[in-house]
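Asker: One structure is given below, represented as structure tokens, and several questions about it will come after.
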Amino acid sequence: MTQSAYSAIRQELAADPQAALRGCTALLARNPDDAEAHRLAGRAWRAVGDDERAVAAELAAIDASVLDPVLVAAGRAMVEKRIEVAEPILRQRLRENPFDVAAIRMLAEVAGRLGRLGDAETLLRRALELAPGFVAARTNLALVLHRQARTLEALAELDRLSSDAPANAVLRAAALGRLGEFTEAIALYEQVLAQAGGDRQPRVWTSYGHALKTVGRQADAIAAYRRAIAIQPSLGDAWWSIANLKTVRLDAGDIAAMTAALADPDASEDDVMHLNFALAKALEDAGSPREAFDRYATANALRLRQQPYRAETTTRAVDRAIALYTPAFLASRAGQGCPAADPVFVLGMPRAGSTLIEQILSSHSQVEGTMELPDVIALVGELSDEGNYPAVVRTLPPERLRALGEAYLDRTRVQRREGKPLFIDKTPNNWLHAGLIHLMLPNARIIDARRHPLDCCYSNFRQHYAQGQTFAYDLTDVGRYYADYVRLMRHFDAVLPGRIVRVIHEDLLDDPEGGTRALLAALDLPFEEACLRFHENARAVRTASSEQVRRPINRDGAGVWRAVDDRLEPLRTALGPVLEDYAR
Numbered sequence: 001m002t003q004s005a006y007s008a009i010r011q012e013l014a015a016d017p018q019a020a021l022r023g024c025t026a027l028l029a030r031n032p033d034d035a036e037a038h039r040l041a042g043r044a045w046r047a048v049g050d051d052e053r054a055v056a057a058e059l060a061a062i063d064a065s066v067l068d069p070v071l072v073a074a075g076r077a078m079v080e081k082r083i084e085v086a087e088p089i090l091r092q093r094l095r096e097n098p099f100d101v102a103a104i105r106m107l108a109e110v111a112g113r114l115g116r117l118g119d120a121e122t123l124l125r126r127a128l129e130l131a132p133g134f135v136a137a138r139t140n141l142a143l144v145l146h147r148q149a150r151t152l153e154a155l156a157e158l159d160r161l162s163s164d165a166p167a168n169a170v171l172r173a174a175a176l177g178r179l180g181e182f183t184e185a186i187a188l189y190e191q192v193l194a195q196a197g198g199d200r201q202p203r204v205w206t207s208y209g210h211a212l213k214t215v216g217r218q219a220d221a222i223a224a225y226r227r228a229i230a231i232q233p234s235l236g237d238a239w240w241s242i243a244n245l246k247t248v249r250l251d252a253g254d255i256a257a258m259t260a261a262l263a264d265p266d267a268s269e270d271d272v273m274h275l276n277f278a279l280a281k282a283l284e285d286a287g288s289p290r291e292a293f294d295r296y297a298t299a300n301a302l303r304l305r306q307q308p309y310r311a312e313t314t315t316r317a318v319d320r321a322i323a324l325y326t327p328a329f330l331a332s333r334a335g336q337g338c339p340a341a342d343p344v345f346v347l348g349m350p351r352a353g354s355t356l357i358e359q360i361l362s363s364h365s366q367v368e369g370t371m372e373l374p375d376v377i378a379l380v381g382e383l384s385d386e387g388n389y390p391a392v393v394r395t396l397p398p399e400r401l402r403a404l405g406e407a408y409l410d411r412t413r414v415q416r417r418e419g420k421p422l423f424i425d426k427t428p429n430n431w432l433h434a435g436l437i438h439l440m441l442p443n444a445r446i447i448d449a450r451r452h453p454l455d456c457c458y459s460n461f462r463q464h465y466a467q468g469q470t471f472a473y474d475l476t477d478v479g480r481y482y483a484d485y486v487r488l489m490r491h492f493d494a495v496l497p498g499r500i501v502r503v504i505h506e507d508l509l510d511d512p513e514g515g516t517r518a519l520l521a522a523l524d525l526p527f528e529e530a531c532l533r534f535h536e537n538a539r540a541v542r543t544a545s546s547e548q549v550r551r552p553i554n555r556d557g558a559g560v561w562r563a564v565d566d567r568l569e570p571l572r573t574a575l576g577p578v579l580e581d582y583a584r
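Residue numbering for the sequence shown follows UniProt numbering, beginning at 1 and increasing consecutively.
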């Protein structure tokens with residue numbers, strides 16, 4: 001009976017929306033919680049031009065959906081992290097009813113959890129097209145845009161939402177932090193903690209701590225992290241955040257507390273992973289490097305299970321880049337691209353000294369530091385949509401190469417605040433796209449930050465990354481990644497001699513002034529004494545080395561691998577001749 005009534009109303013929507021409304025009214029008189037009747041009423045009200053009543057009906061449909069057994073089953077599967085169960089349930093629902101905005105939003109959440117952010121965005125925009133007042137969908141859209149580093153678009157969506165909702169304020173603070181607006185971000189975090197009851201907000205305290213750390217307020221950051229731990233002792237993210245300050249040591253009491261937290265049956269897999277990373281760092285600082293290694297291995301195994309990595313994918317990408325960027329191809333594109341000389345790309349392996357280089361350069365009067373910018377990788381994503389990357393680069397005409405360079409400058413302009421002629425993009429993984437950078441911005445400077453393979457790779461193994469460095473969680477994987485990186489850089493040394501400036505980390509540690517002078521000269525910049533006092537630079541630093549570069553140059557991180565050398569055979573094997581060939 002009800003299904004036939006739905007069918008009749010759907011047929012009436014186009015021809016006689018008033019009749020459709022009467023049908024919906026009759027259904028809702030019998031069952032006020034009929035989600036489909038509310039949905040159809042929303043469509044009918046829009047058909048007659050009454051948007052206000054349409055919004056009310058659409059929101060009533062969403063509210064009624066909480067009782068829908070199909071969506072309840074999908075929601076339960078999502079809570080239990082059984083995405084493979086939730087996704088087909090939701091897809092079947094949308095085949096039956098493509099106007100079910102609650103199901104659309106849930107499927108978008110599934111896509112987001114699987115990393116399919118473009119699909120999530122498309123679904124959320126469809127949900128908002130059908131129900132513009134759907135607050136949860138707009139909140140989700142802002143988050144998806146933020147995760148895609150489309151920060152201004154995310155803020156625009158947040159502007160359409162209530163600023164009173166703590167979740168919206170926290171997301172706005174995170175977005176502002178990405179733009180470098182830390183004063184406003186910190187104020188927002190403080191507002192949320194004051195209004196929403198700070199004793200119930202451990203994750204907000206942790207995010208607040210991140211912002212404080214970035215602007216150099218280390219003591220306040222530690223206090224914020226400690227507050228989060230006091231509320232939720234098993235919150236691994238907060239423990240790791242203290243350990244990740246590098247210059248701070250967790251004590252015996254902390255080790256005991258983390259060990260107890262690991263025994264908490266309510267600790268999530270994420271908490272266990274973070275706790276093992278933090279406990280490893282604490283044990284290392286306490287003089288137990290071998291016990292620390294075991295904890296790092298446990299943490300990395302958990303992380304690798306969450307984010308699998310295929311080393312051969314990187315190897316094939318390097319093979320394709322070497323095949324494309326031949327001397328003949330590069331010569332045929334000489335002089336094309338955008339002529340701007342503003343960007344200074346600092347690339348290479350993570351944990352190879354790139355933050356130190358950035359801090360030195362950003363202390364110069366002509367250079368502005370920013371952060372690890374996602375924009376080259378975003379442009380690569382757009383090219384990948386057009387064809388196989390990097391082969392598609394071969395098909396790009398001169399005007400497109402120029403447009404890509406200009407698009408990069410447009411995208412990064414939001415990060416530039418000081419009006420200096422040069423700015424730094426310190427995204428390590430841009431090494432894989434050095435050829436594209438050269439073609440689209442032929443006058444940009446490119447610096448390769450290079451560090452001893454064992455120091456660099458073991459440092460990566462000891463570092464938990466929030467995202468992006470999936471190669472770092474296995475010794476063989478990180479060794480192969482380093483070897484592939486060196487292989488591509490050697491290729492560019494051969495086909496574009498002198499184009500990429502190499503800075504050897506150990507040389508910079510041994511002779512800071514000589515290394516700094518050589519670096520500035522390679523970039524055609526005059527020497528300035530402030531570059532030797534980089535640790536006095538008060539700029540925000542948004543990387544794992546943020547506290548280390550606030551101190552004068554030191555060798556604290558050198559040679560840590562020696563204490564566990566006998567455990568590093570998989571790394572040595574993966575590095576192969578790269579280890580033997582490393583020359584300072």
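In this text, a Cβ means the ideal position worked out from N, Cα and C, and glycines have one as well.
Under 9 angstroms, do Gly-209 and Ala-167 count as touching if we go by C-beta distance?
Answerer: no
Asker: In terms of alpha-carbon separation, which member of Thr-326, Ser-288, Ala-127 and Ser-207 lies closest to Val-560?
Answerer: When each option's Cα is compared against that of Val-560, the closest is Ser-288.
Asker: Could you work out which residue in Tyr-408, Ile-322 and His-438 is closest to Ala-334 when comparing CA atoms only?
Answerer: Scanning Tyr-408, Ile-322 and His-438 for the CA closest to the CA of Ala-334 turns up His-438.
Asker: On the three-state DSSP scale, how would you describe Met-371?
Answerer: strand
Asker: For the putative contact between Glu-488 and Trp-431, defined by C-beta atoms under 8 angstroms, what is the C-beta separation to the nearest angstrom?
Answerer: According to the sequence shown, residue 488 is Leu rather than Glu. Confirmed, Cβ separation roughly 7 angstroms.
Asker: Between the alpha carbons of Lys-420 and Tyr-458, how many angstroms are there, rounded?
Answerer: 36 angstroms
Asker: Are Glu-368 and Arg-417 touching if we call contact CB-CB under 9 angstroms?
Answerer: yes
Asker: Mapping DSSP to helix, strand and coil, what is Ala-263?
Answerer: coil
Asker: For my contact list, Ala-403 and Leu-324 are in at a C-beta cut-off of 8 angstroms; report their separation, rounded to the angstrom.
Answerer: At roughly 20 angstroms, the Cβ-Cβ gap does not stay under 8 angstroms, so Ala-403 and Leu-324 are not in contact.
Asker: At what residues does the beta strand (DSSP E) containing residue 654 begin and finish?
Answerer: Nothing about residue 654 can be read from this structure; the chain reaches only from 1 to 584.
Asker: Using C-beta distances below 7 angstroms, list every residue in its chain close to Gln-148, excluding the 5 sequence neighbours before and after it, in chain order.
Answerer: Leu-117
Asker: Bridge partners for Leu-422 per DSSP, in chain order?
Answerer: Leu-422 pairs with Val-367.
Asker: Glu-406 and Ala-340 - do their beta-carbons sit closer together than 9 angstroms?
Answerer: Taking 9 angstroms as the cut-off, the Cβ atoms of Ala-340 and Glu-406 count as close.
Asker: Which residues in the same chain have their Cβ closer than 7 angstroms to the Cβ of Arg-567, if we skip the five residues on either side of it in sequence?
Answerer: Phe-293
Asker: Quick check: what's the CA-CA separation for Asp-477 versus Arg-572?
Answerer: Separation of Asp-477 and Arg-572 (C-alpha to C-alpha, rounded to the nearest whole angstrom) is 11 angstroms.
Asker: Going by C-alpha distance, which of Val-376, Leu-107 and Arg-249 is nearest Ala-219?
Answerer: Arg-249
Asker: Can you look up Ala-434 in the DSSP assignment and give me helix, strand or coil?
Answerer: helix
Asker: Measuring straight from C-alpha to C-alpha, what distance separates Pro-32 and Leu-71?
Answerer: Near 18 angstroms, if we compare the C-alpha coordinates of Leu-71 and Pro-32.
Asker: Can you list the alpha helix (DSSP H) stretches of 4 or more residues lying completely in the segment 45-128, in chain order?
Answerer: 51-64, 69-79, 83-96 and 101-113
Asker: Rounded C-beta distance between Ser-4 and Ala-35? I'm assuming under 8 angstroms.
Answerer: Not a contact, Cβ separation roughly 17 angstroms.
Asker: First and last residue of the alpha helix (DSSP H) that includes Asp-448?
Answerer: From DSSP, Asp-448 is part of no alpha helix (DSSP H) but of the beta strand (DSSP E) over 445-450.
Asker: What would DSSP say about Arg-502, mapped onto helix, strand or coil?
Answerer: strand
Asker: Going straight from the alpha carbon of Asn-277 to that of Leu-523, what length do you get?
Answerer: It should be noted that the sequence gives Phe, not Asn, for residue 277. C-alpha separation (whole angstroms): 38 angstroms.
Asker: Using the C-alpha atoms, what's the distance from Ser-207 back to Ile-229?
Answerer: 13 angstroms
Asker: Judging by CA-CA distance, which residue of Arg-451, Val-346 and Leu-143 is the nearest neighbour of Ile-360?
Answerer: Val-346
Asker: So, for Gln-415: in the same chain, excluding its five sequence neighbours on each side, which residues have a beta-carbon less than 6 angstroms away from its beta-carbon?
Answerer: Thr-370
Asker: How long is the line joining the alpha carbons of Ala-574 and Gly-216, rounded to whole angstroms?
Answerer: 38 angstroms
Asker: Since Asn-140 is in the alpha helix (DSSP H), which residue starts that stretch and which ends it?
Answerer: 135-147
Asker: What are the boundary residues of the alpha helix (DSSP H) that includes Lys-281?
Answerer: 269-285
Asker: Whole angstroms is fine: what's the gap from Arg-22's alpha carbon to Ile-62's?
Answerer: 21 angstroms
Asker: Can you determine whether any heavy atom of the ligand FMN sits closer than 8 angstroms to the C-beta of Leu-275, and answer yes or no?
Answerer: As far as ligands go, the structure on display features none, and thus does not contain the ligand FMN.
Asker: In terms of residue numbering, what span does the alpha helix (DSSP H) encompassing Glu-157 cover?
Answerer: 151-159
Asker: Going by DSSP, what residue range makes up the alpha helix (DSSP H) through Tyr-208?
Answerer: Its alpha helix (DSSP H) spans residues 202-214.
Asker: Helix, strand or coil, according to DSSP, for Leu-454 in the structure here?
Answerer: helix
Asker: For residue 602, which residues of its own chain have a beta-carbon under 8 angstroms away from its beta-carbon, when the five flanking residues on both sides are left out?
Answerer: Beyond the ends of the chain as shown, which are 1 and 584, falls residue 602; an answer cannot be given.
Asker: Going by alpha carbons, who is nearest to Val-344 out of Val-192, Ala-221, Val-376 and Gln-336?
Answerer: Val-376
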